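Here is the structure we will look at.
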Amino acid sequence: MRLSRYLPILEWGREYRRETLVSDLMAAVIVTIMLIPQSLAYAMLAGMPPETGLYASMAPLVLYAIFGTSRTLAVGPVAVISLMTAVAVGRVADEGSMGYVTAALTLAVLSGVILVVMGLFRMGFIANFLSHPVISGFITAAGLLIAAGQMRHIIGTQAGGHTGVEIVASLIASVGEANLWTLAVAIPALAFLAWARKGAPDLLWRLGLPKFYASLIGRAAPLLAVAASIAAVKLFDLSARGVATVGDIPAGLPPFTIPSVDPSLISALIGPALLLSAIGFVESVSVAQTLAAKRRQRIDPDQELIGLGAANISAGFSGGFPVTGGFARSVVNFDAGAATPAAGAFTAIGIGLASLFLTPWLADLPVAVLAATIIVAVLSLADFPIIRRTWRYSKSDGAAMIGTILATLLIGVEAGILTGVVLSIGLHLYKTSRPHSAVVGLVPGSEHFRNVDRHKVITSAKVITLRVDESLYFPNARHLEDRVMELVAAQPDAKHFILMCPAVNAIDASALESLEVINQRLKEAGLSFHLSEVKGPVMDRLKRTDFLTHLTGEVYLSQYEALMALDPECVR
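Add 1211 to the 1-based position in the sequence shown for my numbering, that's all there is to it.
Right under this line is the structure:
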């Protein structure tokens, strides 16, 4: 059992049956058809040779099948990780050079090692610092950035840039150089792919095909676009008319590659590798958990780190680039009936066969069609309504999301995610530094206490009760001191002050010092300081100090008991 903790294949492999094999093979065939054009497209997005997209879709799938815990997650190149790879590697090498490829291999291995180490030390919780609004904002902005960057291939120009402003300005400046033949290929492909996502399944369903098969055929639309565009290039000799094509793709299985051990390169890539690992893990584990819940299965986030890490290490040693679990292909894998991670291994075999025998047919594939595939895929990830919903629900989360989007578009992908994390943590610290608190009173006819500003309650002239709705620690300790003395000044006849603590889960050393200051100031003002409804773990820590021996009042089990003891007339 201990070994299967790190090798989940030993667990599901014992239960493997013939019917499971049939389900996995069917899913693998469908995902392979979908993955071939995607792999080529995302390699182009990462600035890598097209065959590396196929390489990154073989060994990583096999390694994840051995070490991963999700039964349906499909690992491979994805849009956001490919973009982050291009940005990180583009800083240390020129695209198209051998140094660029070597840097991408190194980045994959660094990311994989980071993920494995995090998994071994059970550090999956670190990904919690990337809040959902930040991730959603980043993916939305990255989708827009990717789509804008691919427009140069759609119009057939050399426009470029790294930020949204640079890309748009470059596109506008190069519009006059647009290649009409490229547009003639790209626009129909773009329109067809956009329609096929929903229109094709609906049409096939109305023609009598079951919804399941109609949906799967609709998802295979990119392959149809690839085949049609290759035929068009051959038929009309579009290469001679300026339509850029993929060119010769070496046939064969992935080579054994060795990442660089150059300290200067590693130091330049370690920061991007950390970000890439975090983003890839969060994106992957959220997809895996969603799909697992539908079948009442579970995944182990810490083991997922090891599975994704092994996949990335294998990508670095087999001519690929960083990978993670993809949303679209995982959903297809799930819908196609994949029962175990073996479906991924069978997909790798399918990609291997394609790499051996189909690559000569892909030489005439227009780059514009791959760009159209990327644009349609990434725009489906952009979620604009969530910006308004998040802002309406939480201004701080909305601000973090908007800040992430703007920084990603205006500065770059790494700055965008860092901005989101800093804003999230900063706004959280600001909110907790001014915790919600309420003066409470007794609800008539009950033993419950509620906010005096929200309910009609009974209050005492002799007793002030402040309920604090946050743990007490260094950012909010001074604020609590000020709040207590403000209430005391407003009620000069009070003899007792009760700090009601039902929501206080921890009191750190700074907050303890502030409680001692409050105790002393209340004593000097002629008031006793009491605590009520203190949680057990918090009380255990207070007992390890001398605070309770100096406390001028008592610690009460409940607020009702405290009021009964301090002002029984009020309770009656």
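Backbone N, C-alpha and C define an ideal beta-carbon position, used for all residues, glycine too.
Only a predicted model underlies this, so the values are computations on that prediction, with no experimental measurement involved.
- Of all alpha-carbon atoms in 1223, 1217, 1214, the one lying nearest the alpha-carbon of residue 1551 is that of 1223.
- In the three-state DSSP reduction, residue 1659 falls in the coil class, being neither helix nor strand.
- Bridge pairing for residue 1767: 1743 [DSSP].
- Judged by DSSP in its simplified three-state form, residue 1591 adopts coil rather than helix or strand.
- When 1270, 1342, 1460 are compared, the shortest CA-CA separation from residue 1534 is found for 1270.
- Inclusion of residue 1781 and residue 1743 in the CB contact set at 8 Å is not warranted, their separation being larger than that value.
- 8 Å or more divides the Cβ of residue 1354 from the Cβ of residue 1616.
- Secondary structure note for residue 1675: its beta strand (DSSP E) is the uninterrupted segment 1674-1679.
- Distance from the CA of residue 1745 to the CA of residue 1709, rounded to the nearest whole angstrom, comes to 11 Å.
- Taking residue 1258 as the centre and dropping the five residues before and after it, the same chain places the C-beta of 1297, 1306 closer than 6 Å to its C-beta, in chain order.
- The Cβ atoms of residue 1678 and residue 1648 sit closer than 8 Å to each other.
- Distance from residue 1723 to residue 1756 at the Cβ level is roughly 7 Å; contact confirmed, criterion being Cβ atoms closer than 8 Å.
- For residue 1245, no beta strand (DSSP E) run applies; the uninterrupted alpha helix (DSSP H) run containing it begins and ends at 1229-1256, by DSSP.
- In this structure, DSSP gives residue 1352 a helical state, which the three-state scheme calls helix.
- The beta-carbon separation of residue 1516 and residue 1295, rounded to 18 Å, does not stay under the 8 Å limit for a contact.
- Under the three-state reduction of DSSP output, residue 1552 falls in the coil class, being neither helix nor strand.
- Note that the C-beta distance between residue 1570 and residue 1460 is below 8 Å.
- A check of alpha carbon separations from residue 1536 across 1316, 1491, 1673 identifies 1491 as the nearest.
- Inter-residue distance for residue 1234 and residue 1681 is about 51 Å (C-alpha atoms, whole angstroms).
- For residue 1478, the enclosing alpha helix (DSSP H) covers residues 1474-1505.
- Apart from the 5 residues on each side of it in sequence, residue 1325 sits with its Cβ closer than 8 Å to the Cβ of 1484, 1485, 1488, 1520 in its chain, given in chain order.
- Distance from the CA of residue 1471 to the CA of residue 1314, rounded to the nearest whole angstrom, comes to 7 Å.
- For the options 1365, 1618, 1573, the alpha carbon positioned closest to that of residue 1445 is the one of 1573.
- Per DSSP, the continuous alpha helix (DSSP H) segment holding residue 1380 begins and ends at 1375-1385.
- Counted as a single uninterrupted DSSP element, the alpha helix (DSSP H) harbouring residue 1330 occupies residues 1309-1331.
- Counting only residues of its own chain and dropping the five nearest sequence neighbours on each side, residue 1508 has a CB closer than 7 Å to the CB of 1282.
- By the Cβ neighbour-count rule, residue 1653 is buried, with 16 or more other Cβ atoms within 10 Å of its own.
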